[in-house]
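Peer 1: Quick one: the structure is below, questions incoming.
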Amino acid sequence: MASTENKVRLLVIVGPTAVGKSAVAVEVARRLPGAIVSADSMQVYRGMNIGTGKIRPEEAKGIPHYLLDVCEPDEPFNVARYVELADAAIAEICAQGLIPIIVGGTGLYIRALVDGFLFETPPADADFRKQMRLVAEREGNEALHQRLQLVDPESAARIHPNDIRRVIRALEIFHTTGESLSEKAARAKELPKRYEASFYGLTAPRPFVYERINRRVDQMIEQGLVGEVMNLLQAGFSSQLTSNQAIGYKEIVDYLSGKATFAEAVDNLKKVTRNYAKRQLSWFRADSRIQWLNVCDYPDSESLAEAIVADFRKGFRS
């Protein structure tokens with residue numbers, strides 16, 4: 002953990018999926034110079050490259066990227082593990098004289114890393130989890146997600162209905178303690194912050210973002226998303242794993258299992274990704290520290306990166 006007396010300087014880039022965070026972050030890193038720490042809950046899994054939008058080597062332009070491919074699809078991974086690995090990555094980056102750049106759309110990971118919003122949670126309740134899985138099987142993921150919406154709307158806004166493991170965990174915390182995950186996080190805000198950080202949010206008009214999402218999904222299909230999902234299943238990774246319930250994977254699993262046609266799967270993937278982008282924006286809009294930049298106001302990633310770097314060098318924003 003970073004010392005409260007001598008906090009490390011972080012530059013944080015957030016925003017909805019497909020808005021162009023990765024490309025801008027690479028250009029920022031080239032100019033500072035810096036290295037990138039991913040804050041994406043699905044890009045940690047090996048073998049899940051296309052569906053998670055993982056940056057390709059030619060796109061990284063030689064900039065080091067941390068917290069990609071750190072575990073197998075069937076390994077448990079949570080926010081505490083993320084913070085542990087990110088702390089180590091940040092220390093390594095700083096030891097090289099570089100600026101750590103945190104980039105991603107998983108708001109909870111970023112909040113826990115920067116602000117220290119980790120707290121004691123109750124142990125697993127196997128019986129309750131079994132009951133909730135049965136609800137999901139009988140009534141569907143959306144029905145289970147609606148239960149969470151009733152008791153913890155803030156958590157429901159940031160957890161995708163397909164992320165059954167996290168939905169059940171949030172319900173389990175409320176069931177066991179009588180206090181929602183969001184309420185616990187609110188109390189944890191009293192803790193000292195772990196890092197100093199400047200936050201930059203990338204945004205764009207909704208039609209622009211939606212068009213980018215649709216185009217990205219089409220590109221994923223062209224790049225071999227169906228084959229990637231088939232490889233995961235053939236390697237023995239269950240379709241019920243959290244990793245295979247990720248956006249892009251569940252929809253293709255539905256197609257491969259005959260629950261949806263190919264066209265339906267692609268349309269569903271575009272729809273759930275658009276909905277996810279809305280939830281991401283809702284989460285980040287609640288953070289007043291974020292300075293928002295409209296990507297449409299800049300001709301390219303390079304000019305946007307230059308604006309971020311110039312602002313970052315002026316000093317920290319409160």
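One gets our numbering by counting positions in the sequence shown from 1 and adding 1 to each.
Glycine residues also receive a C-beta, built at the ideal position from the N, C-alpha and C atoms.
(1) Using a 10 Å radius around the Cβ and a threshold of 16 neighbouring Cβ atoms, would you call arginine 159 buried or exposed?
(2) Report buried or exposed for aspartate 128, applying the criterion of at least 16 other Cβ atoms within 10 angstroms of its Cβ.
(3) Counting along the chain, where does the beta strand (DSSP E) carrying glutamate 180 start and finish?
(4) Which residue from Asp126, Val13, Met49 and Met43 puts its Cα closest to that of glutamine 224?
(5) Evaluate contact between the stretch 202–215 and the stretch 293–304, counting only Cβ atoms and requiring at least three cross-stretch pairs below 8 Å.
(6) Thinking just about the alpha-carbon of each residue, which of Ala144, Gly179, Ile111 and Lys62 is nearest to the one in arginine 290?
(7) Got a sec? Which residues, its chain only, sit under 6 Å from isoleucine 94 by beta carbon, not counting five neighbours each side?
(8) Tell me whether the beta-carbon of valine 230 lies closer than 9 Å to the beta-carbon of isoleucine 253.
(9) Here's the rule: buried if 16 or more other CB atoms are within 10 angstroms of the residue's CB, otherwise exposed. What is glutamate 143?
(10) Just checking my contact of arginine 130 with glutamate 173 at CB under 8 Å: how many whole Å lie between their CB atoms?
(11) Just list the residues that DSSP pairs glutamate 197 with in beta bridges.
(12) Quick one: what's got a C-beta closer than 6 Å to glutamate 28's C-beta in the same chain, skipping five residues either side?
(13) What are the boundary residues of the beta strand (DSSP E) that valine 71 is part of?
(14) Going by C-alpha distance, which of Gly98, Arg166, Ser283 and Gln44 is nearest tyrosine 83?
(15) Considering only C-alpha positions, which residue in the set Ala187, Ala26 and Ser283 is nearest to glycine 117?
(16) If leucine 149 and valine 136 are in contact, beta carbons under 8 Å, what's the gap, nearest whole angstrom?
(17) Tell me, to the nearest whole angstrom, how far the beta carbon of tyrosine 201 is from that of valine 115; I am working on the premise that it is less than 8 Å.
(18) Go ahead and pull the three-state DSSP assignment for proline 320.
(19) Report yes if the CB atom of valine 104 is closer than 9 Å to the CB atom of valine 38, and no otherwise.
(20) Residues bridged to serine 39 by DSSP?
(21) At what residues does the alpha helix (DSSP H) containing asparagine 1 begin and finish?
(22) Tell me which residues share the same chain as proline 17 and place their Cβ nearer than 7 Å to its Cβ, disregarding the 5 neighbours each side in the sequence.
(23) Let me know the alpha helix (DSSP H) ranges lying completely inside the stretch 236–275, each 4 residues or longer, listed in chain order.
(24) Write down the C-beta distance between tyrosine 250 and glycine 52 rounded to the nearest angstrom, noting that I regard them as a contact closer than 8 Å.
(25) Considering Cα atoms alone, identify which of Arg32, Arg170 and His176 is closest to lysine 62.
(26) Which one of Ala30, Ile169 and Gly21 has the shortest CA to CA distance from alanine 311?
(27) So, under 8 Å CB-CB, serine 15 and phenylalanine 285 are touching, yes? Tell me the CB distance rounded to an integer number of Å.
Peer 2: Taking the geometry as given:
(1) Under this definition arginine 159 is a buried residue.
(2) Aspartate 128 is classed as exposed because its beta carbon has fewer than 16 other beta carbons within 10 Å across all chains shown.
(3) Premise fails: glutamate 180 is in no beta strand (DSSP E) and is neither H nor E.
(4) The closest CA to that of glutamine 224, considering only Asp126, Val13, Met49 and Met43, is found on Met49.
(5) Yes, they touch.
(6) The shortest Cα separation from arginine 290 among Ala144, Gly179, Ile111 and Lys62 belongs to Ile111.
(7) Within its own chain, the residues whose Cβ lies closer than 6 Å to the Cβ of isoleucine 94, once the five positions on either side in sequence are excluded, are Ala36 and Pro101, listed in chain order.
(8) Between valine 230 and isoleucine 253, the CB-CB gap stays under 9 Å.
(9) So glutamate 143 counts as exposed.
(10) About 7 Å separates the two Cβ atoms, so the contact holds.
(11) DSSP output for glutamate 197 lists Arg10 as bridge partner(s).
(12) The answer, listed in chain order, is Ser302, Glu303 and Ala306.
(13) Valine 71 -> no beta strand (DSSP E), and no H or E assigned at all.
(14) Of the listed residues, the one whose Cα sits closest to tyrosine 83 is Gln44.
(15) The shortest C-alpha separation from glycine 117 is found at Ala187.
(16) 11 Å between Cβ atoms; not a contact.
(17) Actually they do not touch by this definition, with Cβ atoms about 13 Å apart.
(18) A query on residue 320 cannot be resolved here, the shown segment of the chain reaching from 2 to 319 and no further.
(19) In contact: valine 104 and valine 38 (Cβ atoms closer than 9 Å).
(20) For serine 39, which the question treats as bridged, DSSP gives the partners Val104.
(21) Residue 1 lies beyond the range of the chain shown here (2 to 319); nothing can be said about it.
(22) Gly106, Val210, Ala278, Gln281 and Leu282, listed in sequence order.
(23) Listed in chain order, the complete alpha helix (DSSP H) runs (minimum 4 residues) inside the stretch 236–275 are 250–257.
(24) Going by Cβ atoms, the distance from tyrosine 250 to glycine 52 rounds to 5 Å, so yes, they are a contact pair.
(25) For the set Arg32, Arg170 and His176, the Cα lying nearest the Cα of lysine 62 is the one of Arg32.
(26) Of the listed residues, the one whose Cα sits closest to alanine 311 is Ala30.
(27) It should be noted that the sequence gives valine, not serine, for residue 15. Indeed, because the Cβ distance is near 5 Å, the residues count as touching under 8 Å.
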